[in-house]
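Mapping of the sequence shown onto my numbering: position 59 corresponds to residue 55, and the numbering continues sequentially without gaps. For every residue, glycine included, the Cβ atom is placed at its ideal position computed from N, Cα and C. In this text the structure is predicted, and so the values were computed from the model without any measurement. Input: a single structure, listed below in structure tokens.
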Amino acid sequence: MNSWALQDAKAKFSAVVERAQSEGPQLVTRHGEDTVVVVAAEQFHRLTRRHGQDLIHFFHDSPLSDLDPEWLRRKDDAGRELTL
-3 MNSWALQDAK
7 AKFSAVVERA
17 QSEGPQLVTR
27 HGEDTVVVVA
37 AEQFHRLTRR
47 HGQDLIHFFH
57 DSPLSDLDPE
67 WLRRKDDAGR
77 ELTL
């Protein structure tokens, strides 16, 4: 991964974008610290797209979805007494 100081990345932004598209992610640093990474839009979309289904649909489609949820409820008893 190529690394660019922020000042250089600002001055040569077109080159940073071109390299992100042709060579892969471009790291931008500020005061020697990693700050941001410039990536091609296609790679960004591939990395951020949702995989699978959301949690609600996962539970709804589960083979356990028809079970009575009563067993999930807390017991009403207060537990045991403690002497301190």
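From S(-1), H27, D30 and R26, residue whose alpha carbon lies closest to that of A16: Start at 1 with the first residue of the sequence shown, and residue 16 comes out as number 20. Out of S(-1), H27, D30 and R26, S(-1) has the C-alpha closest to the C-alpha of A16.
Inter-residue Cα distance where the pair is T81 and D30: Residue 81 falls outside the range modelled here, since the chain spans only -3 to 80, and no answer is possible.
DSSP beta-bridge partners of R26: To locate residue 26, count along the sequence shown from 1; it is residue 30. Bridge partners of R26: E29.
DSSP state of A1 mapped onto helix, strand, coil: Looking up residue 1 in the sequence shown gives position 5. In this structure, A1 counts as strand in the three-state DSSP scheme.
Residue from L60, M(-3) and T25 whose Cα sits closest to the Cα of K6: If you number the sequence shown from 1, residue 6 lands on position 10. Minimum Cα distance to K6 is reached at T25.
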